[in-house]
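Heads up: the structure comes next, in C-alpha coordinates.
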Amino acid sequence: MPSKVILENPPTGNVNLSWDQEDSTFKLTNNELPPLGDGDVRVKVLYLSNDPAQRGWIAPNQNPSRSYVKPVEKGDIVFARGIGKILESKSAKYSEGDYISGSFGWTDEQVVNDSAMTLKHDPNAGLPLPTYLATLGTIGLTAYFGLKEVGKLQKGQTVLISAASGATGSTAVQLAKHLFGASKVYGIAGSEEKCRWVESLGADKCVNYKDPSWKEELAKEFETVDVYFDNVGGEILSWALTKVTPFGRVIACGAISGYNNPSLATVTTWTEITFNRLTIQGFVVMDFKDQFQEAIGVLINAIKEGKLKATESVSVVDLTNEDVPLKKVPETWNRLFTDKPRGKLLTKIGNE
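Position one of the sequence shown corresponds to residue 1 (full-length UniProt numbering), numbered consecutively onward.
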(Lines of atoms letter the chains of each structure in order from A; the text may use other names.)
(Lines give C-alpha, C1' and ligand atoms only; values in the text may rest on other atoms or scores of the structure.)
Protein backbone atom coordinates (compact mmCIF):
# COMPACT_ATOMS: atom_id res chain seq x y z
CA MET A 1 0.00 0.00 0.00
CA PRO A 2 1.23 3.55 -0.71
CA SER A 3 2.46 5.64 2.21
CA LYS A 4 2.16 9.33 3.09
CA VAL A 5 3.53 11.79 5.63
CA ILE A 6 0.90 13.66 7.62
CA LEU A 7 1.10 16.56 10.04
CA GLU A 8 0.92 15.09 13.54
CA ASN A 9 1.74 18.16 15.69
CA PRO A 10 1.69 21.64 14.10
CA PRO A 11 5.00 23.23 15.22
CA THR A 12 5.16 26.53 17.06
CA GLY A 13 8.96 26.74 16.75
CA ASN A 14 11.48 24.44 15.13
CA VAL A 15 10.02 21.24 13.71
CA ASN A 16 10.71 17.95 15.48
CA LEU A 17 12.02 15.65 12.76
CA SER A 18 12.16 12.58 14.98
CA TRP A 19 9.59 9.87 14.36
CA ASP A 20 7.19 8.28 16.84
CA GLN A 21 7.71 10.78 19.67
CA GLU A 22 4.88 12.44 21.55
CA ASP A 23 5.72 15.80 19.99
CA SER A 24 6.92 14.60 16.58
CA THR A 25 5.86 17.07 13.90
CA PHE A 26 5.20 14.42 11.27
CA LYS A 27 3.86 10.87 11.10
CA LEU A 28 4.26 8.20 8.42
CA THR A 29 1.07 6.31 7.66
CA ASN A 30 -0.74 4.42 4.92
CA ASN A 31 -2.20 6.34 2.01
CA GLU A 32 -5.47 4.64 1.17
CA LEU A 33 -6.29 5.80 -2.33
CA PRO A 34 -9.87 6.03 -3.60
CA PRO A 35 -10.99 4.26 -6.77
CA LEU A 36 -10.60 6.40 -9.86
CA GLY A 37 -13.56 8.48 -10.98
CA ASP A 38 -14.05 10.38 -14.21
CA GLY A 39 -11.06 12.62 -14.89
CA ASP A 40 -8.89 10.98 -12.23
CA VAL A 41 -5.37 9.65 -12.60
CA ARG A 42 -3.21 7.58 -10.25
CA VAL A 43 0.33 8.90 -10.12
CA LYS A 44 3.62 7.42 -8.96
CA VAL A 45 5.45 10.35 -7.42
CA LEU A 46 9.07 10.71 -8.58
CA TYR A 47 10.19 14.13 -7.34
CA LEU A 48 8.98 16.44 -4.59
CA SER A 49 9.49 20.18 -4.39
CA ASN A 50 10.89 21.67 -1.17
CA ASP A 51 9.63 25.18 -0.47
CA PRO A 52 10.05 27.56 2.49
CA ALA A 53 6.35 28.41 2.28
CA GLN A 54 5.51 24.90 3.48
CA ARG A 55 6.70 25.97 6.93
CA GLY A 56 3.95 28.56 7.01
CA TRP A 57 1.35 26.10 5.77
CA ILE A 58 1.92 23.74 8.74
CA ALA A 59 1.90 26.45 11.44
CA PRO A 60 -0.87 26.17 14.07
CA ASN A 61 -3.85 28.45 14.68
CA GLN A 62 -3.99 29.96 11.21
CA ASN A 63 -6.86 31.99 9.89
CA PRO A 64 -7.71 30.40 6.52
CA SER A 65 -9.13 33.69 5.26
CA ARG A 66 -5.64 35.24 5.63
CA SER A 67 -3.80 32.50 3.74
CA TYR A 68 -3.50 31.98 0.00
CA VAL A 69 -3.67 28.20 0.49
CA LYS A 70 -5.67 26.03 2.85
CA PRO A 71 -3.55 25.52 5.99
CA VAL A 72 -2.38 21.98 6.69
CA GLU A 73 -4.18 20.75 9.80
CA LYS A 74 -3.40 17.86 12.17
CA GLY A 75 -3.92 14.61 10.28
CA ASP A 76 -3.63 16.20 6.81
CA ILE A 77 -1.04 15.12 4.28
CA VAL A 78 1.77 17.68 4.03
CA PHE A 79 1.20 19.70 0.89
CA ALA A 80 3.91 19.70 -1.78
CA ARG A 81 4.13 19.94 -5.53
CA GLY A 82 5.78 17.11 -7.37
CA ILE A 83 6.36 15.35 -10.65
CA GLY A 84 5.03 11.86 -11.24
CA LYS A 85 4.31 9.20 -13.81
CA ILE A 86 0.72 8.17 -14.45
CA LEU A 87 0.09 4.52 -13.59
CA GLU A 88 -3.64 4.48 -14.32
CA SER A 89 -5.95 6.96 -16.01
CA LYS A 90 -9.64 7.73 -16.38
CA SER A 91 -8.82 11.11 -17.87
CA ALA A 92 -9.33 12.36 -21.41
CA LYS A 93 -6.36 14.72 -20.93
CA TYR A 94 -3.76 12.26 -19.67
CA SER A 95 -2.79 8.69 -20.51
CA GLU A 96 -0.96 5.95 -18.68
CA GLY A 97 2.77 6.64 -18.90
CA ASP A 98 2.43 10.43 -19.09
CA TYR A 99 4.53 12.61 -16.81
CA ILE A 100 2.73 15.39 -14.97
CA SER A 101 3.38 17.88 -12.20
CA GLY A 102 0.81 18.76 -9.60
CA SER A 103 0.02 19.07 -5.92
CA PHE A 104 0.57 15.50 -4.76
CA GLY A 105 1.80 16.00 -1.20
CA TRP A 106 4.38 13.96 0.69
CA THR A 107 3.40 10.56 -0.67
CA ASP A 108 4.72 7.95 -3.08
CA GLU A 109 1.39 7.53 -4.89
CA GLN A 110 -1.56 9.87 -5.29
CA VAL A 111 -4.90 10.19 -7.06
CA VAL A 112 -5.60 13.61 -8.59
CA ASN A 113 -8.23 14.97 -10.91
CA ASP A 114 -7.28 16.52 -14.22
CA SER A 115 -9.27 19.63 -13.28
CA ALA A 116 -6.63 20.41 -10.64
CA MET A 117 -3.57 22.51 -11.50
CA THR A 118 -1.62 19.83 -13.31
CA LEU A 119 0.77 20.16 -16.25
CA LYS A 120 1.94 17.51 -18.70
CA HIS A 121 5.65 17.25 -19.47
CA ASP A 122 7.42 15.69 -22.43
CA PRO A 123 10.45 13.64 -21.29
CA ASN A 124 11.76 13.78 -24.86
CA ALA A 125 11.84 17.59 -24.97
CA GLY A 126 15.52 17.64 -24.06
CA LEU A 127 15.03 18.99 -20.53
CA PRO A 128 15.49 16.91 -17.36
CA LEU A 129 12.26 16.28 -15.47
CA PRO A 130 13.41 18.26 -12.39
CA THR A 131 13.52 21.38 -14.56
CA TYR A 132 9.73 21.39 -14.58
CA LEU A 133 9.63 21.78 -10.79
CA ALA A 134 12.28 24.48 -10.80
CA THR A 135 13.09 26.82 -13.67
CA LEU A 136 9.90 25.96 -15.58
CA GLY A 137 7.81 25.49 -12.44
CA THR A 138 6.60 27.85 -9.74
CA ILE A 139 10.18 28.89 -8.95
CA GLY A 140 10.95 30.25 -12.40
CA LEU A 141 7.49 31.76 -12.67
CA THR A 142 7.84 33.44 -9.28
CA ALA A 143 11.13 35.05 -10.27
CA TYR A 144 9.76 36.07 -13.66
CA PHE A 145 6.51 37.64 -12.47
CA GLY A 146 8.18 39.14 -9.43
CA LEU A 147 10.59 41.09 -11.60
CA LYS A 148 8.20 41.84 -14.49
CA GLU A 149 4.84 42.51 -12.89
CA VAL A 150 5.64 43.42 -9.29
CA GLY A 151 9.10 45.01 -9.47
CA LYS A 152 8.44 46.38 -12.97
CA LEU A 153 12.17 46.11 -13.62
CA GLN A 154 13.23 48.09 -16.68
CA LYS A 155 16.30 47.81 -18.86
CA GLY A 156 19.19 49.74 -17.37
CA GLN A 157 17.86 49.74 -13.82
CA THR A 158 19.59 48.21 -10.78
CA VAL A 159 18.32 45.42 -8.55
CA LEU A 160 19.35 43.84 -5.23
CA ILE A 161 18.28 40.25 -4.53
CA SER A 162 18.40 38.51 -1.14
CA ALA A 163 18.74 34.72 -0.78
CA ALA A 164 20.40 35.01 -4.18
CA SER A 165 21.73 31.46 -4.12
CA GLY A 166 18.30 30.02 -3.39
CA ALA A 167 15.81 28.68 -5.89
CA THR A 168 13.90 31.88 -6.60
CA GLY A 169 16.85 34.19 -5.96
CA SER A 170 19.28 32.45 -8.33
CA THR A 171 16.66 32.43 -11.08
CA ALA A 172 15.88 36.11 -10.45
CA VAL A 173 19.58 36.97 -10.75
CA GLN A 174 19.76 35.40 -14.19
CA LEU A 175 16.50 36.86 -15.46
CA ALA A 176 17.28 40.33 -14.15
CA LYS A 177 20.65 40.41 -15.88
CA HIS A 178 20.13 38.43 -19.06
CA LEU A 179 16.42 38.79 -19.86
CA PHE A 180 15.29 42.12 -18.40
CA GLY A 181 18.57 43.91 -19.03
CA ALA A 182 19.36 45.27 -15.58
CA SER A 183 22.53 47.36 -15.65
CA LYS A 184 23.66 46.04 -12.28
CA VAL A 185 22.52 43.01 -10.28
CA TYR A 186 23.62 42.58 -6.66
CA GLY A 187 23.09 39.50 -4.53
CA ILE A 188 23.16 38.50 -0.88
CA ALA A 189 23.83 34.85 0.03
CA GLY A 190 25.04 32.72 2.94
CA SER A 191 28.62 31.73 2.09
CA GLU A 192 31.57 32.78 -0.03
CA GLU A 193 31.16 29.69 -2.22
CA LYS A 194 27.51 30.49 -2.86
CA CYS A 195 28.39 34.10 -3.67
CA ARG A 196 30.93 33.10 -6.27
CA TRP A 197 28.30 30.86 -7.85
CA VAL A 198 25.75 33.69 -7.85
CA GLU A 199 28.30 35.90 -9.61
CA SER A 200 28.87 33.16 -12.19
CA LEU A 201 25.13 33.34 -12.96
CA GLY A 202 25.34 37.05 -13.75
CA ALA A 203 25.43 39.04 -10.51
CA ASP A 204 27.87 41.93 -10.62
CA LYS A 205 28.58 41.51 -6.91
CA CYS A 206 27.39 39.10 -4.22
CA VAL A 207 28.14 39.39 -0.51
CA ASN A 208 28.03 36.84 2.29
CA TYR A 209 25.65 38.06 4.99
CA LYS A 210 27.57 35.99 7.56
CA ASP A 211 30.54 38.30 7.04
CA PRO A 212 30.22 41.17 9.58
CA SER A 213 31.21 43.68 6.90
CA TRP A 214 28.63 42.66 4.29
CA LYS A 215 26.72 45.95 4.51
CA GLU A 216 29.87 47.97 4.05
CA GLU A 217 30.87 45.81 1.08
CA LEU A 218 27.58 46.46 -0.69
CA ALA A 219 27.67 50.15 0.22
CA LYS A 220 30.92 50.39 -1.78
CA GLU A 221 29.04 49.13 -4.84
CA PHE A 222 26.01 51.43 -4.85
CA GLU A 223 24.25 54.26 -3.06
CA THR A 224 20.77 53.05 -3.97
CA VAL A 225 19.04 50.47 -6.15
CA ASP A 226 15.83 50.81 -8.14
CA VAL A 227 14.35 47.45 -7.14
CA TYR A 228 14.85 45.16 -4.15
CA PHE A 229 13.72 41.51 -4.45
CA ASP A 230 13.16 40.33 -0.88
CA ASN A 231 13.11 36.65 0.04
CA VAL A 232 14.16 36.87 3.69
CA GLY A 233 12.63 39.76 5.67
CA GLY A 234 14.15 40.76 9.01
CA GLU A 235 17.52 42.45 9.34
CA ILE A 236 18.39 42.25 5.65
CA LEU A 237 15.07 43.79 4.60
CA SER A 238 15.49 46.51 7.25
CA TRP A 239 18.87 47.44 5.79
CA ALA A 240 17.77 47.14 2.17
CA LEU A 241 14.92 49.60 2.71
CA THR A 242 17.55 52.25 3.47
CA LYS A 243 19.14 51.58 0.07
CA VAL A 244 16.14 51.67 -2.27
CA THR A 245 15.99 54.85 -4.31
CA PRO A 246 13.07 57.24 -3.62
CA PHE A 247 9.93 55.97 -5.37
CA GLY A 248 11.67 52.61 -5.80
CA ARG A 249 9.99 49.22 -5.55
CA VAL A 250 10.30 46.31 -3.15
CA ILE A 251 9.18 42.82 -4.23
CA ALA A 252 7.95 41.04 -1.10
CA CYS A 253 8.36 37.41 -2.12
CA GLY A 254 9.29 35.64 1.13
CA ALA A 255 10.49 35.99 4.71
CA ILE A 256 12.47 32.82 5.35
CA SER A 257 14.37 34.41 8.26
CA GLY A 258 11.20 34.32 10.34
CA TYR A 259 9.42 31.13 9.34
CA ASN A 260 10.61 29.28 12.45
CA ASN A 261 10.82 32.39 14.64
CA PRO A 262 8.55 35.24 13.46
CA SER A 263 10.35 37.79 15.65
CA LEU A 264 13.41 37.48 13.40
CA ALA A 265 11.42 38.85 10.46
CA THR A 266 10.74 42.16 12.21
CA VAL A 267 11.35 45.32 10.16
CA THR A 268 12.99 48.21 12.04
CA THR A 269 13.21 50.82 9.27
CA TRP A 270 9.56 51.21 8.33
CA THR A 271 9.86 55.01 8.17
CA GLU A 272 12.01 54.58 5.03
CA ILE A 273 8.85 53.54 3.19
CA THR A 274 7.09 56.77 4.09
CA PHE A 275 10.00 59.18 3.79
CA ASN A 276 11.16 57.79 0.43
CA ARG A 277 7.69 56.92 -0.92
CA LEU A 278 8.62 53.33 -1.60
CA THR A 279 6.20 50.84 -3.10
CA ILE A 280 6.17 47.42 -1.43
CA GLN A 281 4.02 44.71 -2.95
CA GLY A 282 3.55 41.15 -1.77
CA PHE A 283 2.50 38.50 -4.24
CA VAL A 284 2.11 34.77 -4.79
CA VAL A 285 2.72 33.22 -8.17
CA MET A 286 -0.88 32.06 -8.54
CA ASP A 287 -1.85 35.71 -8.95
CA PHE A 288 -0.61 35.32 -12.53
CA LYS A 289 -1.86 31.82 -13.36
CA ASP A 290 -3.64 33.03 -16.51
CA GLN A 291 -0.24 34.03 -17.91
CA PHE A 292 1.63 30.81 -17.02
CA GLN A 293 1.77 29.25 -20.47
CA GLU A 294 3.05 32.45 -22.08
CA ALA A 295 5.67 32.88 -19.33
CA ILE A 296 6.82 29.25 -19.62
CA GLY A 297 7.40 29.87 -23.32
CA VAL A 298 9.56 32.89 -22.47
CA LEU A 299 11.55 30.84 -19.95
CA ILE A 300 12.07 27.95 -22.40
CA ASN A 301 13.43 30.40 -24.96
CA ALA A 302 15.71 31.89 -22.30
CA ILE A 303 17.10 28.41 -21.61
CA LYS A 304 17.62 27.72 -25.33
CA GLU A 305 19.38 31.07 -25.75
CA GLY A 306 21.69 30.42 -22.80
CA LYS A 307 20.23 33.22 -20.68
CA LEU A 308 18.99 30.81 -18.04
CA LYS A 309 21.06 27.90 -16.70
CA ALA A 310 18.31 25.45 -15.86
CA THR A 311 20.32 22.41 -14.79
CA GLU A 312 22.83 24.37 -12.71
CA SER A 313 20.01 25.87 -10.66
CA VAL A 314 18.73 22.54 -9.29
CA SER A 315 20.03 20.36 -6.44
CA VAL A 316 18.45 16.89 -6.21
CA VAL A 317 18.66 14.72 -3.10
CA ASP A 318 18.17 11.12 -4.24
CA LEU A 319 16.41 8.99 -1.62
CA THR A 320 15.53 6.09 -3.88
CA ASN A 321 18.11 3.81 -2.24
CA GLU A 322 16.60 4.36 1.20
CA ASP A 323 14.48 1.55 2.67
CA VAL A 324 11.61 4.02 3.17
CA PRO A 325 12.34 7.16 1.13
CA LEU A 326 9.43 9.10 2.63
CA LYS A 327 11.00 8.88 6.10
CA LYS A 328 13.84 11.09 4.87
CA VAL A 329 11.63 13.63 3.12
CA PRO A 330 11.08 15.94 6.14
CA GLU A 331 14.79 15.93 6.94
CA THR A 332 15.63 16.89 3.37
CA TRP A 333 13.00 19.65 3.36
CA ASN A 334 14.38 21.05 6.61
CA ARG A 335 17.70 21.70 4.89
CA LEU A 336 16.03 24.82 3.50
CA PHE A 337 16.48 26.32 6.96
CA THR A 338 19.89 24.86 7.84
CA ASP A 339 22.48 23.79 5.26
CA LYS A 340 20.54 24.28 2.05
CA PRO A 341 22.51 23.63 -1.15
CA ARG A 342 22.44 26.25 -3.88
CA GLY A 343 19.53 26.54 -6.28
CA LYS A 344 16.23 24.70 -6.11
CA LEU A 345 16.17 21.78 -3.66
CA LEU A 346 14.25 18.74 -4.92
CA THR A 347 13.80 15.29 -3.40
CA LYS A 348 13.77 12.20 -5.58
CA ILE A 349 11.67 9.43 -4.05
CA GLY A 350 10.90 7.23 -7.06
CA ASN A 351 12.47 5.91 -10.24
CA GLU A 352 10.91 6.21 -13.64
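Every residue, glycine too, gets a C-beta built ideally from N, C-alpha and C.
Taking C-alpha positions only, residue 30 is separated from residue 151 by approximately 44 angstroms. Taking all protein chains in view, the Cβ of residue 324 is surrounded by fewer than 16 other Cβ atoms within 10 Å, so the residue is classified as exposed. Under a 10 Å Cβ-count criterion, residue 137 is classified as buried, with 16 or more other Cβ atoms of the shown protein chains found around its own Cβ. Annotation: residue 84 is outside any alpha helix (DSSP H); the continuous beta strand (DSSP E) that includes it extends over 81-89. In the DSSP annotation of this structure, the continuous segment of the beta strand (DSSP E) that includes residue 160 starts and ends at 158-161. Around residue 104, the same chain offers 43, 45, 48, 80, 81, 82, 84, 110 and 112 as residues with beta carbons nearer than 8 angstroms, after the five sequence neighbours per side are excluded. For residue 34, same chain residues with a beta-carbon under 7 angstroms away, outside a window of 5 residues either side, are 111 in chain order. Residue 130 and residue 99 do not touch by the CB rule: their CB atoms are close to 11 angstroms apart, not below 8 angstroms. Distance check between residue 68 and each of 286, 291, 352 and 342 places 286 closest, using alpha-carbon atoms only. The residues 188, 230, 231, 232 and 236, in chain order, have a CB closer than 6 angstroms to that of residue 162 in the same chain once the five nearest residues on each side in sequence are set aside.
Taking 4 residues as the minimum length, the alpha helix (DSSP H) runs contained wholly in the region 259-340 are 271-275, 292-304 and 329-334, in order along the chain. By the 16-neighbour rule on beta-carbons within 10 angstroms, residue 13 is exposed. Contact between residue 101 and residue 39 fails: their C-beta atoms lie close to 17 angstroms from each other, not under 8 angstroms. As for any alpha helix (DSSP H) of minimum length 4 sitting wholly inside the region 147-231, the runs are 167-174, 192-201 and 214-221, ordered along the chain.
Taking the CA atoms as reference points, residue 143 sits about 6 angstroms from residue 168.
Beta-bridge annotation (DSSP): residue 26 is paired with 7. About 7 angstroms separates the Cβ atoms of residue 8 and residue 74, confirming a contact at the 8 angstroms cut-off. In the structure shown, the three-state DSSP call for residue 141 is helix. Of the candidates 351, 21, 239 and 209, 239 places its Cα closest to the Cα of residue 268.
Your pair residue 172 and residue 186 does not check out as a contact, with CB atoms roughly 12 angstroms apart and the cut at 8 angstroms.
In this structure, residue 77 lies away from residue 11, with their beta-carbon atoms at least 8 angstroms apart. Positions of the alpha helix (DSSP H) runs, each at least 4 residues long and wholly inside the region 103-139, cannot be given because no such run exists. Of the candidates 310, 328 and 91, the residue whose Cα lies closest to the Cα of residue 141 is 310.
Bridge pairing for residue 249: 227 and 279 [DSSP]. Nearest neighbour of residue 183 by Cα position, chosen from 254, 154 and 350, turns out to be 154. With a cut-off of 8 angstroms on Cβ pairs, the region 89-97 is not in contact with the region 15-30, counting fewer than three such pairs.
By alpha-carbon distance to residue 291, the top candidate from 146, 160, 51 and 15 is 146.
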